[in-house]
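Residue numbers (this note's numbering): 349 to 521. The C-beta atom is built at its ideal place from N, Cα and C for all residues, glycine as well. Small disclaimer: the values here were computed from a predicted structure and weren't measured.
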């Protein structure tokens with residue numbers, strides 16, 4: 349039984365990068381989170397369009413995000429918080445059978461993530477990148493809801509622990 353589809357490989361790779369290095373490679377976190385939410389929103393807003401349109405929108409959002417993160421780092425933390433929390437809202441809505449996710453839920457969740465990221469930058473990015481990475485990986489896996497929930501929780505805990513240990517090690521140096 350194949351649990352991973354061919355289209356899911358990219359989400360798994362991006363999810364692993366977010367999960368394990370979101371805070372330490374901040375620009376990558378911003379780019380990948382921007383790409384993932386750009387792809388999800390493009391699929392909703394441009395339903396029926398060719399895949400290249402959706403990928404183009406996702407890449408554009410990712411590139412704009414990186415440029416903003418280089419120029420305005422604090423704003424980028426807030427943007428990253430918005431993207432990660434918004435993406436999490438989209439994935440959770442789909443898992444709960446609400447498809448597409450209400451735009452108000454994505455915006456409110458994104459705004460909360462943005463505010464938290466602005467105030468508690470390092471920990472917020474560690475937690476949100478772990479959540480977004482775990483969501484991207486679990487979203488790419490075909491399994492029972494109980495297996496998905498257990499995998500999600502295990503991945504989030506692993507991501508937070510790995511990133512926290514890398515962050516603490518960097519503070520000591």
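What does the Cβ neighbour count give for residue i, buried or exposed, with the cut at 16 atoms within 10 Å?
| i | result |
| --- | --- |
| residue 462 | buried |
| residue 445 | exposed |
| residue 399 | exposed |
| residue 363 | buried |
| residue 418 | exposed |
| residue 455 | exposed |
| residue 485 | buried |
With a CB to CB cut of under 6 angstroms and the five nearest residues on each side skipped, what residues in its chain are close to residue i?
| i | result |
| --- | --- |
| residue 385 | 431, 434, 435 |
Please look up how many angstroms separate the CB atoms of residue i and residue j, rounded, as I've assumed it's under 8 angstroms.
| i | j | result |
| --- | --- | --- |
| residue 482 | residue 367 | 6 angstroms |
| residue 410 | residue 382 | 4 angstroms |
| residue 360 | residue 497 | That belief does not hold up - the Cβ atoms of residue 360 and residue 497 are roughly 18 angstroms apart, past 8 angstroms. |
| residue 376 | residue 365 | 6 angstroms |
| residue 440 | residue 427 | Not confirmed; about 20 angstroms, so no contact. |
To which residues of the same chain is residue i closer than 8 angstroms at the C-beta, ignoring the five residues directly before and after it?
| i | result |
| --- | --- |
| residue 457 | 433, 434, 436, 437 |
| residue 387 | 402, 403, 405, 406 |
| residue 508 | 474, 475, 478 |
Which residues mark the beginning and the end of the alpha helix (DSSP H) in which residue i is found?
| i | result |
| --- | --- |
| residue 410 | 399-419 |
| residue 550 | The question about residue 550 has no answer, for the chain in this structure spans 349 to 521. |
| residue 452 | 451-467 |
| residue 360 | 357-369 |
Keeping to the same chain, check which residues put their C-beta closer than 7 angstroms to that of residue i; ignore five residues upstream and five downstream.
| i | result |
| --- | --- |
| residue 472 | 429, 464, 465 |
Touch check for the segment 483-492 and the segment 453-469: three-plus C-beta pairs under 8 angstroms?
no
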